[in-house]
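Before any comments, here is the structure.
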Amino acid sequence: MQAAGTGGLVRRTAWRLRLVFLFAMLAALPYLLSYSQQEIAVLLVINVLLVCSYRLLTLTGEWSLGHVVIMGVGAYASALLAKQFGVPVPLSMLLGGCMAAATAALLSFPLFRMKGFYFLIGSFAAGEIIRLIWKRFTDPFGGPKGLKRIDPFPDIEASFLSVDFYEPVNYYFLALAVVSVSLFVLYRIERSRIGLTFHAIHWQDRLAESVGVDTFRYRTLAFVIASFFAGIAGGLYAHYVGAVNPTRFSVDQMVYVLVWAIVGGTATFHGPILGVVVLTVINEIVLRALGLDTARPLIYGAILILSVLYLPNGLESLGPRLQARWRRWRGGPAAAGREPA
Amino acid sequence: MNVPGERPILEARGLTRRFGGLVAVNNFSFSVHEDAIHGLIGPNGAGKTTTFNVISGFYAPTAGRVLFRGLDISGRKTSALAAMGLVRTFQGSTLFQEFSVLDNVRVGRHLGARAGFLSRLIGTDRISEREADAKARETLAFFGLEELAGEPVSNLPHGHQRMLGMAVALAAEPKVLLLDEPFTGMNPEETRRMMALVRRIRDRGVTIMLVEHDMQAVMNLCDIITVMNFGALLVEGAPEAVRNDPAVIEAYLGSTDGAGHAS
Ligand SMILES: Nc1ncnc2c1ncn2[C@@H]1O[C@H](COP(=O)(O)OP(=O)(O)OP(=O)(O)O)[C@@H](O)[C@H]1O
Ligand SMILES: [Mg+2]
Chain A
98 MQAAGTGGLV
108 RRTAWRLRLV
118 FLFAMLAALP
128 YLLSYSQQEI
138 AVLLVINVLL
148 VCSYRLLTLT
158 GEWSLGHVVI
168 MGVGAYASAL
178 LAKQFGVPVP
188 LSMLLGGCMA
198 AATAALLSFP
208 LFRMKGFYFL
218 IGSFAAGEII
228 RLIWKRFTDP
238 FGGPKGLKRI
248 DPFPDIEASF
258 LSVDFYEPVN
268 YYFLALAVVS
278 VSLFVLYRIE
288 RSRIGLTFHA
298 IHWQDRLAES
308 VGVDTFRYRT
318 LAFVIASFFA
328 GIAGGLYAHY
338 VGAVNPTRFS
348 VDQMVYVLVW
358 AIVGGTATFH
368 GPILGVVVLT
378 VINEIVLRAL
388 GLDTARPLIY
398 GAILILSVLY
408 LPNGLESLGP
418 RLQARWRRWR
428 GGPAAAGREP
438 A
Chain B
41 MNVPGERPIL
51 EARGLTRRFG
61 GLVAVNNFSF
71 SVHEDAIHGL
81 IGPNGAGKTT
91 TFNVISGFYA
101 PTAGRVLFRG
111 LDISGRKTSA
121 LAAMGLVRTF
131 QGSTLFQEFS
141 VLDNVRVGRH
151 LGARAGFLSR
161 LIGTDRISER
171 EADAKARETL
181 AFFGLEELAG
191 EPVSNLPHGH
201 QRMLGMAVAL
211 AAEPKVLLLD
221 EPFTGMNPEE
231 TRRMMALVRR
241 IRDRGVTIML
251 VEHDMQAVMN
261 LCDIITVMNF
271 GALLVEGAPE
281 AVRNDPAVIE
291 AYLGSTDGAG
301 HAS
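Protein chains in written order, with this note's numbering: chain A, 98 to 438; chain B, 41 to 303.
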């Protein structure tokens, strides 16, 4: 018992140290980047929340094609609340998240009558209907051109402190704070009984239902939580870029989310984060430097195929695999050395 | 405790379930009395599993009614029925294969381990979770599986998987437990142990209805047996009466692969 207790303490301390180290790195990061790279870093942080919220939905076994549109619901709602009703921006973002969650709650009635492939197609159709509404109703959604000159995040003007959120560095830290809190909440949900129940529904929904799990309610819950955080990501996006339009939330963008999730792997919490970070680095730094920008879909496709073929469990499985190989390599020569010649 | 109560706790009245042109359950009626071990037998394809699926809410009945403690429950959701105390197990190993043995039973504690969303988030559900954990381990110990709590289910031999399936159901604290072929794939020793466990479950005040092809087990265990054939009631009665009923023998001999079951 004693040993287990100290072991747990050591492990927890190691974890905390790693987290502190990670945050120190993240805090230093923008100062190592150029201005345009800082802008990319902001979008990357927002995309981390997008793909992590998506993973929560996939825990129940359902893959949606409407997640980016749901992010758009948050973006449009937050932008409109700020523009038309003068709602202060931090609050409008929160309400944008609630709007996205409410949309999901409504959509769950038709969508969760379907499962698997039909859910996938159903979610795509629902997303397209929402996009059609944005395009069709110029008032208030701005039609195909969307919304422009969305209120920025208000500057902080105190006597001792002045923060201008037009600066990507500052917005980076704002987004980082919001996304960190969100990821913490998502993590807690997954580690609680709610997460266990989501997994149970994924693997054997009939058995879960037979011991009293209302699978419809829990699928809806996953969808609503995932959508809330996608909506928050949308709000962060809208008030950073200052403009949203229906094309920004099209299924093309959804494909990127899917690629991030699949390449990173969805079995662990950090898998999708790895996916989006690695692919963004490849995309923005390597491809841009090589001038291969236009080949982006081709290269993403190639990466997807290669990862499905050679890393079916995603980038997240690379760490443990390399570790095992390293141990074997280290153990190999040593063991061989001990062998009598 | 060995004498079944007078009150029917579970009843089917004129239950019918069609799949397209096929009538899987046909105007079928029975009543299960409190604290009974009630057998449901019949040749392959007779409609036993379908009957369970209708009672437990997986399928809505095409016609007829199901009554639980006198209340019409036909067409209610499975999860709602579990909350009322009606829980079923599955034919074959239906488990959360990717979970540990303990986590399987913890899911079974779903109804017992209530907590609000926020309390789950901030961790104040610890008390109810610890209780659920203790109950889950207790249930595992009842089946003699406590040593295997940390094992992944896929490592378990078939017999243990069948027991675990029952443990998951029992963790939900049912009033009526529907067991679909609990002894299939078990060796005689395992079957004997399971029969003793089923009796103990009944002695805890759980009414049991079971479908089983192992005739010796059924005859030994059940207080009353309902025989169905082609979706309809054939005979009902005490084990000795059913065993010697010419209609039952005929039904089993007449079915292609049922021969010998009724010997
Ligand atoms: N979902 C379904 N769709 C169509 N037909 C079905 C369905 N479920 C069962 N059936 C049919 O209903 C009939 C009864 O099947 P059921 O599984 O209830 O039999 P059973 O008595 O449990 O048989 P066994 O002893 O082999 O388990 C069979 O002919 C089966 O093919
Ligand atoms: Mg059956």
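The C-beta atom is built at its ideal place from N, Cα and C for all residues, glycine as well.
Only a predicted model underlies this, so the values are computations on that prediction, with no experimental measurement involved.
query                                                                                                                                                                                                 : result
On a CA-only basis, which of A:L147, A:V165, A:D236 and A:F209 is nearest K180 of chain A? Give me that one, please.                                                                                  : A:D236
Tell me which residue opens and which closes the beta strand (DSSP E) that V106 of chain B is part of.                                                                                                : A103 to F108
Sorted by chain position, which residues of the same chain lie with C-beta nearer than 6 angstroms to F92 of chain B's C-beta, five sequence neighbours on each side aside?                           : R128, L218 and D220
By the DSSP assignment, the beta strand (DSSP E) with P127 of chain A in it spans what residues?                                                                                                      : Element bounds for P127 of chain A: n/a, residue is neither H nor E.
Is T179 of chain B close to chain A? Criterion is C-beta to C-beta, closer than 7 angstroms.                                                                                                          : no
Note down, in chain order, each residue of its chain lying with its Cβ closer than 7 angstroms to the Cβ of F320 of chain A, except the 5 sequence neighbours on either side.                         : L154, A201 and S205
Could you tell me whether the Cβ of T134 of chain B comes closer than 7 angstroms to any Cβ of chain A?                                                                                               : yes
Rounded to the nearest angstrom, what separates V275 of chain B and R239 of chain B at their Cα positions?                                                                                            : 24 angstroms
Relative to the alpha-carbon of L123 of chain A, which residue among A:V266, A:S220, A:E159 and A:L401 has its alpha-carbon at the smallest distance?                                                 : A:V266
Report the residue ranges of all beta strand (DSSP E) runs contained in full by the stretch 245-293 of chain B; include only those spanning at least 3 residues, in chain order.                      : 247-251, 264-269 and 272-277
So which residues on chain A does Q137 of chain B lean against when the C-beta distance must stay under 9 angstroms?                                                                                  : W300 and Q301
Check whether the Cβ of L219 of chain B lies closer than 7 angstroms to any Cβ atom in chain A.                                                                                                       : no
Start and end of the alpha helix (DSSP H) containing T56 of chain B?                                                                                                                                  : Run containing T56 of chain B: none in the alpha helix (DSSP H); it sits in the beta strand (DSSP E), P48 to F59.
Please list the terminal residues of the continuous alpha helix (DSSP H) segment that includes R116 of chain B.                                                                                       : No alpha helix (DSSP H) holds R116 of chain B; DSSP gives it neither H nor E.
Just to confirm, are A212 of chain B and T179 of chain B a CB contact at a threshold of 7 angstroms?                                                                                                  : no
Quick one: Cα of V65 of chain B to Cα of L376 of chain A, how far?                                                                                                                                    : 56 angstroms
Using a Cβ cut-off of 7 angstroms (strictly closer), state whether E159 of chain A contacts chain B.                                                                                                  : no
Decide yes or no for the touch test of the stretch 49-56 of chain B against the stretch 68-82 of chain B: beta carbon pairs closer than 8 angstroms, at least 3 of them.                              : yes
State whether the stretch 161-181 of chain A contacts the stretch 121-139 of chain A, with contact taken as three or more CB pairs (one from each stretch) at a distance under 8 angstroms.           : no
To the nearest angstrom, how far is the alpha carbon of V348 of chain A from that of F221 of chain A?                                                                                                 : 8 angstroms
Using a Cβ-Cβ cutoff of less than 7 angstroms, which residues in the same chain neighbour A297 of chain A once the five nearest sequence positions on both sides are dropped?                         : A305 and V310
If we cut at 7 angstroms on Cβ distances, does R57 of chain B have a partner in chain A?                                                                                                              : no
Just to confirm the assignment, what range does the beta strand (DSSP E) spanning H367 of chain A have?                                                                                               : Run containing H367 of chain A: none; DSSP gives neither H nor E here.
Would the C-beta of A317 of chain B count as close to ligand 1, meaning under 6 angstroms from any of its heavy atoms?                                                                                : It is not possible to answer for residue 317 of chain B, since the shown part of chain B is limited to 41 through 303.
Please say whether G328 of chain A and A197 of chain A have beta carbons closer to each other than 7 angstroms?                                                                                       : yes
Which whole-angstrom value describes the C-beta separation of A364 of chain A and E413 of chain A, a residue pair presumed to lie in contact below a C-beta threshold of 8 angstroms?                 : 6 angstroms
Determine the DSSP secondary structure at L280 of chain A, reduced to helix, strand or coil.                                                                                                          : helix
Taking the straight line between their C-alpha atoms, what separation do you get for V282 of chain A and W357 of chain A?                                                                             : 21 angstroms
In terms of alpha-carbon separation, which member of B:H200, B:E171 and B:L237 lies closest to G152 of chain B?                                                                                       : B:E171
How should I248 of chain B be labelled, buried or exposed, when 16 other C-beta atoms within 10 angstroms of its C-beta is the threshold for buried?                                                  : buried
With 7 angstroms set as the bound, which would you pick, yes or no: does the beta-carbon of V387 of chain A sit closer than that to a beta-carbon of chain B?                                         : Rather than Val, the amino acid found at residue 387 of chain A in this sequence is Leu. Judged by the 7 angstroms Cβ criterion, L387 of chain A is not in contact with chain B.
Closest to G225 of chain B by C-alpha separation, out of B:K215, B:V145, B:R202 and B:D243, would be which residue?                                                                                   : B:R202
Is T235 of chain A close to ligand 2? I mean its beta-carbon at under 6 angstroms from any heavy atom of the ligand.                                                                                  : no
Which residues in chain A sit within 7 angstroms of L158 of chain B, going by Cβ to Cβ distance?                                                                                                      : The premise fails here: L158 of chain B is roughly 11 angstroms from chain A at the closest Cβ pair, so nothing lies under 7 angstroms.
Listed from N- to C-terminal order along the chain, which residues in the stretch 260-290 of chain A have their beta-carbon within a distance smaller than 7 angstroms of any beta-carbon of chain B? : V282, R285, I286, S289 and R290
Considering only C-alpha positions, which residue in the set B:T134, B:E138, B:T102 and B:E186 is nearest to G61 of chain B?                                                                          : B:T102
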